[in-house]
Amino acid sequence: MRRIPSSLFLVAGSILSLSFLPGTYQGTNHSAGAVMATDTVLPYDSLSEQEKRFPAHAVAGLTVANGLEATLFASEPTISNPTSIDIDDRGRVWVCDAYGYRPGQSSTRKASKEKLAGDRILILEDTDGDGKADKTTVFYQGPELNSPLGILVIGNKAIVSQSPYVWLFTDTNGDDKADKKEIIFRGIRGVQHDHGVHAFVFGPDGKFYFNFGNEGRQLLNGRGGNLLDEWERPINFRNYKQGLVFRCDEEFKTIEVLGENFRNSVELAVDSYGTVWQSDHDEDGNESVRINYVMEDGNFGYVDEMKGTTWRVVRTNLEDEIPRRHWHQNDPGVVPNVLHTGSGIPTGMAIYESQLLPRPFWDQIIHSDAGANVVRAYPVQNDGAGYKAAMLPIVEGKRDTWFRPSDVSVAPDGSLIVADLYDPGVGQEASASDLNRGRIYRIAPPKTPYRVPVYDYNTPEGAVAALQSPTMSIRYKAWHALLNHRRAAEPALEELFRAPAANPRLRSRALWVLNRIEGVHRRHLEVAFRAINPNLSITALRAVRQRNSDPTEYIKLLTSHPDPQVRRECALAISHNHTYEAERVWVQLARQYKGNDRWYLEALGIGAEGQWDRLFEAWLQTGKTDPLATPAGRDIVWRARTNLAIPYLATLATDNSVPLKERLRYFRAFDFLPRGYEKSLALLKMTRGNASDQTEIDKLALWHMGREFVRDSYQGRQALQRFLNKTYGTQNYIELVSRYEPEYENDRLFRLATSRPNTDLGRDAGRQFLKQAEESYFWDKFHNSNDDTKIALLASIKGVGNRESLTILGNAALDPAHNMKVRRAAARFLGGSWEGEDTVINLLKSGRLHGEIKAAAVDGISNAFRKEIRDAADRYIEFSEASIDKSAF
Numbered sequence: 000m001r002r003i004p005s006s007l008f009l010v011a012g013s014i015l016s017l018s019f020l021p022g023t024y025q026g027t028n029h030s031a032g033a034v035m036a037t038d039t040v041l042p043y044d045s046l047s048e049q050e051k052r053f054p055a056h057a058v059a060g061l062t063v064a065n066g067l068e069a070t071l072f073a074s075e076p077t078i079s080n081p082t083s084i085d086i087d088d089r090g091r092v093w094v095c096d097a098y099g100y101r102p103g104q105s106s107t108r109k110a111s112k113e114k115l116a117g118d119r120i121l122i123l124e125d126t127d128g129d130g131k132a133d134k135t136t137v138f139y140q141g142p143e144l145n146s147p148l149g150i151l152v153i154g155n156k157a158i159v160s161q162s163p164y165v166w167l168f169t170d171t172n173g174d175d176k177a178d179k180k181e182i183i184f185r186g187i188r189g190v191q192h193d194h195g196v197h198a199f200v201f202g203p204d205g206k207f208y209f210n211f212g213n214e215g216r217q218l219l220n221g222r223g224g225n226l227l228d229e230w231e232r233p234i235n236f237r238n239y240k241q242g243l244v245f246r247c248d249e250e251f252k253t254i255e256v257l258g259e260n261f262r263n264s265v266e267l268a269v270d271s272y273g274t275v276w277q278s279d280h281d282e283d284g285n286e287s288v289r290i291n292y293v294m295e296d297g298n299f300g301y302v303d304e305m306k307g308t309t310w311r312v313v314r315t316n317l318e319d320e321i322p323r324r325h326w327h328q329n330d331p332g333v334v335p336n337v338l339h340t341g342s343g344i345p346t347g348m349a350i351y352e353s354q355l356l357p358r359p360f361w362d363q364i365i366h367s368d369a370g371a372n373v374v375r376a377y378p379v380q381n382d383g384a385g386y387k388a389a390m391l392p393i394v395e396g397k398r399d400t401w402f403r404p405s406d407v408s409v410a411p412d413g414s415l416i417v418a419d420l421y422d423p424g425v426g427q428e429a430s431a432s433d434l435n436r437g438r439i440y441r442i443a444p445p446k447t448p449y450r451v452p453v454y455d456y457n458t459p460e461g462a463v464a465a466l467q468s469p470t471m472s473i474r475y476k477a478w479h480a481l482l483n484h485r486r487a488a489e490p491a492l493e494e495l496f497r498a499p500a501a502n503p504r505l506r507s508r509a510l511w512v513l514n515r516i517e518g519v520h521r522r523h524l525e526v527a528f529r530a531i532n533p534n535l536s537i538t539a540l541r542a543v544r545q546r547n548s549d550p551t552e553y554i555k556l557l558t559s560h561p562d563p564q565v566r567r568e569c570a571l572a573i574s575h576n577h578t579y580e581a582e583r584v585w586v587q588l589a590r591q592y593k594g595n596d597r598w599y600l601e602a603l604g605i606g607a608e609g610q611w612d613r614l615f616e617a618w619l620q621t622g623k624t625d626p627l628a629t630p631a632g633r634d635i636v637w638r639a640r641t642n643l644a645i646p647y648l649a650t651l652a653t654d655n656s657v658p659l660k661e662r663l664r665y666f667r668a669f670d671f672l673p674r675g676y677e678k679s680l681a682l683l684k685m686t687r688g689n690a691s692d693q694t695e696i697d698k699l700a701l702w703h704m705g706r707e708f709v710r711d712s713y714q715g716r717q718a719l720q721r722f723l724n725k726t727y728g729t730q731n732y733i734e735l736v737s738r739y740e741p742e743y744e745n746d747r748l749f750r751l752a753t754s755r756p757n758t759d760l761g762r763d764a765g766r767q768f769l770k771q772a773e774e775s776y777f778w779d780k781f782h783n784s785n786d787d788t789k790i791a792l793l794a795s796i797k798g799v800g801n802r803e804s805l806t807i808l809g810n811a812a813l814d815p816a817h818n819m820k821v822r823r824a825a826a827r828f829l830g831g832s833w834e835g836e837d838t839v840i841n842l843l844k845s846g847r848l849h850g851e852i853k854a855a856a857v858d859g860i861s862n863a864f865r866k867e868i869r870d871a872a873d874r875y876i877e878f879s880e881a882s883i884d885k886s887a888f
């Protein structure tokens, strides 16, 4: 194949703008190529690294699913860093062009005066239908627009998310320029941070949905006042954990928190049934990125519910796999994940409710992942009362790993529009290393022209047709047009809603609108409650809840529904409902639980929140069998948050016919019960048994009793002392001393540390002795010991690496009052930790180490893991091996 000389792309040493040269790549099994303006096809792998970066070759670096084609819609210099996109009712692509994103991290930042004027909201338009943007309008630009991460276009307005604000821009005169700017929310933390506020979406119920990551911390109104949730609590980190998911009305006044305890809940998506989906970013390096169904009022397990500690803290019943451990999946009260996608940097998400793409993508979640260089679909399947999913790539940067998809939207014709940051690195520390390039792609079947349907919103029929669009901005206009038509819209909506052959998602959209039309909604809801498709019943129940403060009479219609997902929704619907009727509903739902369905179980738990005592008691009273006789009963006991469950948990925890590993969940469940002596006394009783695994039972029981009980009660102190006496010299002893830190064990810790300084047990004892003993006590033991004991004590703490241990080792090495043998040992031990290695290097650079002490310190870091430490040590070697008395070590 003929190769175009790279010199044709260069003018005075700069890259020539090739923003809108035609480029396509179809999903096939053949090698990729880029179609140039000259119709010359170049093999991508034969291009130089510089040439691969040209927009003309952009699509050639992509791998697209069979039956689809990628085309370049726009690129640099028109856009530079597209963090978020949306598509308006005219098919135009709106772009948050965040050149100001992470300004300190760009190595190629060469800003024009135009870009230095602030980040921009752009409107990209294809005026001639060739699938490439040829008109660009700056909707807004200003210095206060600082790294926006989300945009939603609604009529003549745009909601722009950018911590600490959420902006509402309005075009009042139709010239595609923002004439009015308002702050609708403020006070959101996470400025210039990926974990701040993300994009809004328009739901099928006429409400807005959005989220923020764990840097968000609070939500204030536009004037800076507190926003209250539905229970009249301020929305902040004191009342909610970590990242949050919200729903609000169109006036931005009524706010609901739908889920909490995410790490970085990136852009969410809402399907036509009102089901909320989103991704969540793990801590980098743990391959634990997840996809969630946001079960209403759910806790999603990023931190420990009771203590707020991270997944790295050891807990009873620890999950075997990091992806599950990362999200506390074994803890009662944590909603399970739909899917773990592995490593990545999750970004934008959409629901593909259209049919232009091949059938496997219909009605599926579409998700962009900048870290994995991929846009995927997640085909969802029902899994009991919840869901599970697989991964199906749509477009990947297998050849060009600069492909960093930041967002994906569904165009009016059913094609996908994908934003690409186009960057060699991504993530908090590496992101935005190239802010001068960015791309927008269109994904569609080959040779499919970009066509935007035109709707007549002035007629109910036209508005109903628009309501079926796959694009949110069109559905937004249709929603309001239909509400304005009022009862005149009912016939057209009813025709769609009652059409048996219609997609149930489209029928649900019609039902949501009918629910808002006074005088007609009730009979349509009743039809939906009796529908064969369970999702229509779920939609009806959700719609009723938004109209009725007490929807119990409707809930009762569904409590015996054969589909567990419908019953799940019933359980969620009675949360915080303290009526007698709600009690009967919950008990009926609990009796239908068959076990082995975590989704159902967590829905029951959410439904019982705040009223576990009365619901659990009612469940016990209506039962005809032992609640522990079935897996379902044992699950409910494990999930319960009432002291009425204590005797049952104790029985399950001490049942020797079941392997101990399977009983750990019941010990862990004690941590989630209300505080009080009752549960501690039950755990204390477990320590008086004589089972074959009694030592392990004793340890677990003591671990979960709680500090107050063990500290304040004679029985608790005695039980702990018996266990420590029985297990002294073992890891079990160390674990319980670490848990309760009894001062009376300081002497035994000292003996254990100094008698076994080079074993794990001795080092653990030394670490704990250092942690819990007073500084004066530590030095008293040190000074009153012989040299060998001193050296052993120092050896036991050499790997601790905290400020206190490094100070002790440094003082022992530098203080001439100590024997030289002790000083040499201390100097060598000083480099026994990562932090200690750095300390030694700093001491060497400052010239504070001399002679034998210097030689010992250098020897202590000569085998460090880090090459730069070893190299630094080599520069300070002044003594021969013979001059170092290693017998002291």
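Letter 774 of the sequence shown, counting from 1, is numbered 773 in numbering that gives the first Met the number 0, and no numbers are missing. Note that CB positions come from ideal geometry on N, CA and C, so glycine has one too.
My understanding is that residue i touches residue j, with C-beta atoms under 8 Å, so please give their C-beta distance in whole angstroms.
{"i": "residue 160", "j": "residue 132", "result": "That pair is no contact at about 23 Å."}
{"i": "residue 567", "j": "residue 598", "result": "6 Å"}
{"i": "residue 267", "j": "residue 373", "result": "In fact, because the Cβ distance is near 19 Å, the residues do not count as touching under 8 Å."}
{"i": "residue 699", "j": "residue 666", "result": "5 Å"}
Taking the alpha-carbon of residue i as reference, which of the options has the nearest alpha-carbon?
{"i": "residue 552", "options": "317, 572, 564 and 563", "result": "572"}
{"i": "residue 663", "options": "316, 259 and 64", "result": "316"}
{"i": "residue 446", "options": "91, 74 and 67", "result": "67"}
{"i": "residue 459", "options": "468, 452, 453 and 481", "result": "481"}
{"i": "residue 721", "options": "707, 730, 738 and 701", "result": "701"}
{"i": "residue 408", "options": "214, 541 and 81", "result": "81"}
{"i": "residue 308", "options": "275, 491, 241 and 666", "result": "241"}
{"i": "residue 609", "options": "252, 559 and 672", "result": "672"}
{"i": "residue 203", "options": "465, 234 and 433", "result": "465"}
{"i": "residue 500", "options": "477, 479, 531 and 519", "result": "531"}
{"i": "residue 255", "options": "238, 596 and 386", "result": "238"}
{"i": "residue 889", "options": "521, 563, 832 and 533", "result": "In the structure displayed, the chain extends from 0 to 888; residue 889 sits before or after that span and is not available."}
{"i": "residue 339", "options": "296, 390 and 380", "result": "390"}
{"i": "residue 191", "options": "369, 157, 143 and 226", "result": "143"}
{"i": "residue 360", "options": "349, 801 and 493", "result": "349"}
Can you give me the start and stop residues for the beta strand (DSSP E) that residue i sits inside?
{"i": "residue 136", "result": "134-141"}
{"i": "residue 169", "result": "164-169"}
{"i": "residue 440", "result": "438-443"}
{"i": "residue 763", "result": "Looking at the DSSP string, residue 763 is not in any beta strand (DSSP E); the run it does join, the alpha helix (DSSP H), is 759-771."}
Residue i to residue j, Cα distance in whole Å?
{"i": "residue 365", "j": "residue 55", "result": "26 Å"}
{"i": "residue 436", "j": "residue 420", "result": "7 Å"}
{"i": "residue 48", "j": "residue 394", "result": "21 Å"}
{"i": "residue 651", "j": "residue 622", "result": "18 Å"}
{"i": "residue 71", "j": "residue 337", "result": "33 Å"}
{"i": "residue 153", "j": "residue 249", "result": "11 Å"}
{"i": "residue 619", "j": "residue 381", "result": "30 Å"}
I'd like the span of the alpha helix (DSSP H) that includes residue i, first residue to last.
{"i": "residue 685", "result": "676-685"}
{"i": "residue 694", "result": "693-704"}
{"i": "residue 585", "result": "579-590"}
{"i": "residue 779", "result": "774-782"}
{"i": "residue 467", "result": "Looking at the DSSP string, residue 467 is not in any alpha helix (DSSP H), and its letter there is neither H nor E."}
Kindly indicate if chain D contains any beta-carbon less than 8 Å away from that of residue i.
{"i": "residue 682", "result": "No chain D is part of this structure, which consists of one protein chain only."}
Enumerate in chain order the residues of its own chain whose CB-to-CB distance from residue i is below 7 Å, with the five nearest sequence positions on each side excluded.
{"i": "residue 177", "result": "138, 139, 168, 169 and 170"}
{"i": "residue 747", "result": "727"}
{"i": "residue 89", "result": "451"}
{"i": "residue 536", "result": "527, 528, 530, 557, 560 and 565"}
Please list, in chain order, all residues of the same chain as residue i whose beta carbon is under 8 Å from its beta carbon, the five residues on each side excluded.
{"i": "residue 213", "result": "194, 241, 242, 261, 262, 263 and 301"}
Looking only at its own chain, which residues have a Cβ that is under 6 Å from the Cβ of residue i, when we skip the five neighbours before and after it?
{"i": "residue 335", "result": "597"}
{"i": "residue 357", "result": "66"}
For the ligand MN, any of its heavy atoms closer than 7 Å to the Cβ of residue i?
{"i": "residue 321", "result": "The ligand MN is absent from the structure shown, which contains no ligands of any kind."}
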